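Numbering (this note's numbering), first residue to last: 1229 to 1688. Backbone N, C-alpha and C fix where the C-beta goes; we use that ideal spot for every residue, glycine too. Please read these numbers as outputs of a predicted model, since none were measured by experiment.
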């Protein structure tokens, strides 16, 4: 559905239509920004195209099978404390919601609890803000126990701040106890206490999940497998690229947050080495802080990764703004997005360009600094994937030591150990001995040097 600009004098069709389950009106209440204004550079989301932002919000609603009755942009000059938007705009939206017979109004912004309550009173419909909508999607998509725990924790933290509604059962008080009991606790206080108890229990269970993940990581560190993690904006094509690189069958669909639960698969490198590739949850602008905190156990795979592939949908009109959003989340996780030794930028979906546009894109990539290259790929067609694998192998090799050694051909146990714990680059038999070149992690360097009299290979 084409988004419409809902300014005061705009003409608006009023086709009510038959009532359907899950009919929703999507509102984009975006601040007006004067050209060259100071705010234009201070806030990433301001730089976004309003139509693209609204289209993304509608996509989020469709991700949980809601029927979009209409999607409109509401330009605002300032945020109102009571209802976020001005009184006149609220009245116009209320009339539109009534004419369209919608059950839900989605506001593409973060609403304070009081703003959400006031809007529900004025619009006579349930109101869901951007944070609540994303939480609903995560609640439906989480498949594993870990994912479900993380989503429930995030939802409870969000709901705890929403206990300001005028529900009648929240106004009751429980009786006191004895002479000192007083009026007792209100129902809202009891609800908050129950939510806090559940939050504490979930946090305890997630600590066990984190401990299990640490054991798994420790097990991987005992073998010469390094970890490569995929990060990027939701729907950038991470899962499709994951399937292309690992020949796996992870769900990949043209929708926001198609996959949530982390997946690990073996990644075969060009010269016979192996790494573990991790597919993680996609990021999005204004990602709720509750989700960043709750999914930290999952995102620890990114924190521990040796190489991070930042996958970008380079064909998207807001590709630059999406990059800024991902960089912001990486910084929240304590990762420097400018760390060129660890992060590889992957420009995906080049198959959407014709030959002339692709040549222009190649020229743009060629002008980038040598320490910040961009790998152009198509996860769908496979174009550029071989070059990406070579770049991954090069980054991983930079973190390892190359050693030369000679071992008796009869030392089967030693040869077997090297194949299990190092990357064998070359192996030649001379006079009953194997001359070998191996690449090892720093944690195993001293073992190989001491056991096999290995010597570091000099750089060419």
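For residue 1302, the residue or residues it bridges with in DSSP: 1257
Starting from residue 1467, trace the alpha helix (DSSP H) in both directions and tell me its first and last residue. 1466-1474
Please determine, among 1341, 1678, 1314 and 1255, the residue with the shortest C-alpha to C-alpha distance to residue 1301. 1255
If you reduce the DSSP assignment to three classes, tell me which class residue 1405 lands in. Confidence at residue 1405 is low in this model, with a pLDDT of 40, below 50, so its placement is unreliable and the value that follows should be read with caution. DSSP places residue 1405 in coil when its eight states are reduced to three.
Nearest-angstrom Cα separation, counted from residue 1509 out to residue 1653: 34 Å
What residue range is occupied by the uninterrupted alpha helix (DSSP H) comprising residue 1649? For residue 1649, the uninterrupted alpha helix (DSSP H) segment begins and ends at 1640-1649.
Buried or exposed, going by whether 16 or more other CB atoms sit within 10 Å of the CB of residue 1352? exposed
Spell out a yes or no on whether the segment 1322-1336 and the segment 1353-1373 are touching, meaning 3 or more CB-CB pairs, one atom from each, closer than 8 Å. As far as the Cβ criterion goes, the segment 1322-1336 touches the segment 1353-1373, which means the pair count is three or higher.
If you follow the beta strand (DSSP E) that residue 1538 is part of, which residue opens it and which one closes it? 1535-1541
Relative to the alpha-carbon of residue 1420, which residue among 1379, 1433, 1386 and 1570 has its alpha-carbon at the smallest distance? For the set 1379, 1433, 1386 and 1570, the Cα lying nearest the Cα of residue 1420 is the one of 1386.
Could you check the C-alpha separation between residue 1537 and residue 1515 for me, to the nearest Å? 20 Å
Pairwise C-alpha distance: residue 1443 and residue 1544: 39 Å
In or out: residue 1656 buried (at least 16 other Cβ within 10 Å) or exposed? exposed
Using 8 Å as the cut-off, can you tell me whether the segment 1550-1557 makes contact with the segment 1586-1597, which would need three or more C-beta pairs spanning the two stretches below that distance? no
At which residues does the alpha helix (DSSP H) containing residue 1634 begin and terminate? Element bounds for residue 1634: not the alpha helix (DSSP H) but the beta strand (DSSP E), 1628-1636.
In whole angstroms, what is the alpha-carbon distance linking residue 1505 and residue 1257? The straight-line gap from Cα to Cα measures roughly 39 Å.
Rounded to whole angstroms, how far is the Cβ of residue 1286 from the Cβ of residue 1296, which I believe are closer than 8 Å? 5 Å
Residues near residue 1377 in its chain [Cβ-Cβ closer than 8 Å; skip 5 each side]: 1430, 1433, 1434 and 1437
Whole-angstrom distance between residue 1288 and residue 1253, CA atom to CA atom: 12 Å
Tell me residue 1613's beta-bridge partners as DSSP assigns them. In DSSP, residue 1613 forms no bridge with anything.
Check whether residue 1649 and residue 1627 have beta carbons under 8 Å apart: In terms of Cβ geometry, residue 1649 and residue 1627 do not form a close pair [threshold 8 Å].
Where the beta strand (DSSP E) containing residue 1571 begins and where it ends: 1571-1576
For the pair the segment 1629-1645 and the segment 1657-1664, tell me if three or more CB-CB distances fall below 8 Å. Yes, the segment 1629-1645 touches the segment 1657-1664.
If you draw a straight line from the C-alpha of residue 1632 to the C-alpha of residue 1282, how long is it? 59 Å
On the CB-based measure, 16 or more other CB atoms within 10 Å of its CB, does residue 1527 come out buried or exposed? Residue 1527 comes out buried.
DSSP has residue 1658 in a bridge; who is on the other side? 1661
Same chain, Cβ closer than 6 Å to residue 1428, five either side skipped, listed in chain order: none
Where the beta strand (DSSP E) containing residue 1507 begins and where it ends: 1502-1507
Using 8 Å for Cβ pairs, my map puts residue 1507 next to residue 1458. What's the rounded Cβ distance? 5 Å
Could you give the C-beta distance for residue 1611 and residue 1578, rounded to a whole number, given that I count them as a contact under 8 Å? Indeed, because the Cβ distance is near 7 Å, the residues count as touching under 8 Å.
Rounding to the nearest angstrom, what Cα-Cα distance links residue 1617 and residue 1643 in this structure? 27 Å
For residue 1299, which of 1325, 1291 and 1681 has the nearest alpha-carbon? That would be 1325, whose Cα lies nearest to the Cα of residue 1299.
For a test of the three-state rule: what should DSSP assign to residue 1547, helix, strand or coil? helix
Check for me: the beta strand (DSSP E) holding residue 1677 runs from which residue to which? No beta strand (DSSP E) contains residue 1677, which is instead part of the alpha helix (DSSP H) from 1670-1680.
In three-state terms, what does DSSP make of residue 1510? coil
Tell me the DSSP secondary structure of residue 1311 in three-state form. coil
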